Amino acid sequence: MQIQWRYVLRRTGAYIADALLVYAMVRVMKEAVPDLPADMAGAMLFQNVIFALYAIILTTLLRGRTFGKMIFRLRVVRSDGGRASFLHIVVREFTGRFLFEASNLILLALFEYLGVLEGFLEYCASFPGGILLYYLVSLPWILVISFSRVMLYRDHLAIHDRISGTKVI
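Heads up, the sequence shown is in the numbering used here, so the first residue is 2 and it goes up one at a time.
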């Protein structure tokens, strides 16, 4: 089995570019509307909803692309190569967000329980850029959960691509 490192790095780069853009958008929204959720759970939920909406809207309007995918010359299509429908994209994005966040929170809770990251979530919630720190610490876990399937299987489909009937080319 040969891992397609260039493809994996392009997908990772596109994800990071989109995540940083969404983070910047959320920061601007929080400055403009101070009543947005301030606790860590509320902030994470809000950021994930914004990320999902960003991905759904752009991927639909830009024919399978977000800004990150444009930069890295990637596109989401149906698994047969046709244009992904709005429903394909919605299922893909919400499945991806749910799988990542649920597994990430379980892992962080386990680490906190074991004393490895004791107080980490409270620390992240204690300052404005804390959610960015949370995602930076989580990045290796994103790669394990999502990209392990991309790297290890011949079809290079992430779990959320497999569930939604899409692929990234």
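Note that the Cβ used here is the ideal one computed from N, Cα and C, for glycine as well.
Nothing here was measured: the structure is a model prediction, and the numbers come from that model.
query, result
"Exposed unless 16 or more other CB atoms sit within 10 angstroms - verdict on valine 169", "buried"
"Identified DSSP bridge partners for valine 77", "Val169"
"Three CB pairs or more closer than 8 Å across the segment 11-22 and the segment 66-74", "yes"
"Proximal residues to glycine 97 (C-beta, below 6 Å), its chain only, five neighbours per side dropped", "His161"
"Glutamine 5, buried or exposed, once every other Cβ within 10 Å from all chains shown has been counted against 16", "exposed"
"Close-in-space but distant-in-sequence residues of the same chain around tyrosine 55 (CB under 8 Å, 5 per side omitted)", "Asp19, Leu22, Val23, Met26 and Thr67"
"Opposing strand residues paired with arginine 1 [DSSP bridges]", "Absent from the model: residue 1. The displayed extent of the chain is 2 to 170, so no value can be given."
"Burial state of isoleucine 107, where buried means 16 or more other Cβ atoms lie within 10 Å", "exposed"
"Short Cβ contact (9 Å threshold) for threonine 167 with isoleucine 58", "no"
"Leucine 111 - DSSP class collapsed to helix/strand/coil", "helix"
"Straight-line Cα distance separating valine 92 from glycine 130", "29 Å"
"Nearest-angstrom beta carbon gap, leucine 109 and phenylalanine 121 [assumed within contact, 8 Å]", "7 Å"
"Residue from Met30, Ile51, Ser80 and Ser104 with nearest C-alpha to histidine 157", "Ser80"
"Run of the alpha helix (DSSP H) containing tyrosine 124, from where it starts to where it stops", "121-126"
"7 Å CB neighbourhood of phenylalanine 95 in its chain, flanking five on each side removed", "Ala53"
"Euclidean distance between Cα positions of asparagine 105 and glycine 82", "31 Å"
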